[in-house]
Amino acid sequence: MVYEVVEHVSNPTFDKFVVTYDAISSEVKCNAYFSITNICKFVSESEELTAILHRAYDNTIVEMQEYKVKSKGKCSLSHEDVLLEDINKLQIPPRVRTRGHPKNRLGSNTEKYIANASKKKKKKKKKKKKKKALSEWCSQIPTIIMDIL
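Each residue of the sequence shown is one higher than the one before, counting from 1 in the UniProt record's numbering.
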């Protein structure tokens with residue numbers, strides 16, 4: 001299992017920092033890339049950073065064990081049977097139900113944006129229909145006048 005973390009940095013010369021962890025071989029590779037006219041150059045591999053990432057990974061495993069013990073009961077985790085999905089579950093808060101206050105609920109901004117976009121689309125369709133009907137009526141005016149005369 002290989003985990004890869006890509007972080008884009010806003011520094012103009014430092015474009016991308018990639019950390020890859022291979023759970024099978026227990027190797028951490030750190031790559032820093034500089035973009036110079038669309039050419040990425042490998043910069044370094046750091047033993048010190050590898051040790052830091054191993055400690056952070058072990059701390060995450062311990063947190064996951066504590067979390068699973070609290071929520072479901074006993075469990076045992078090792079480097080081999082841990083999944084990236086389990087790590088993500090630690091970071092994602094549960095969906096919170098609110099009464100009348102959707103702004104406090106996770107993901108409500110996206111839902112509002114979708115609802116408002118669909119309302120705008122419906123309004124535009126109605127305006128187009130009205131304009132079309134008006135233009136058709138205006139185009140018929142000369143024939144109506146000719147019929148009257």
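We put the CB at the ideal spot given by N, CA and C, even for glycine. Here the structure is a predicted model, which is why all the values come from computation and not from measurement.
- Lysine 129 has its alpha-carbon roughly 11 Å from the corresponding atom of glutamate 136.
- Asparagine 116 and lysine 127 have their C-alpha atoms spaced approximately 17 Å apart.
- Rounded to the nearest angstrom, the gap between the Cα atoms of isoleucine 148 and lysine 119 is 43 Å.
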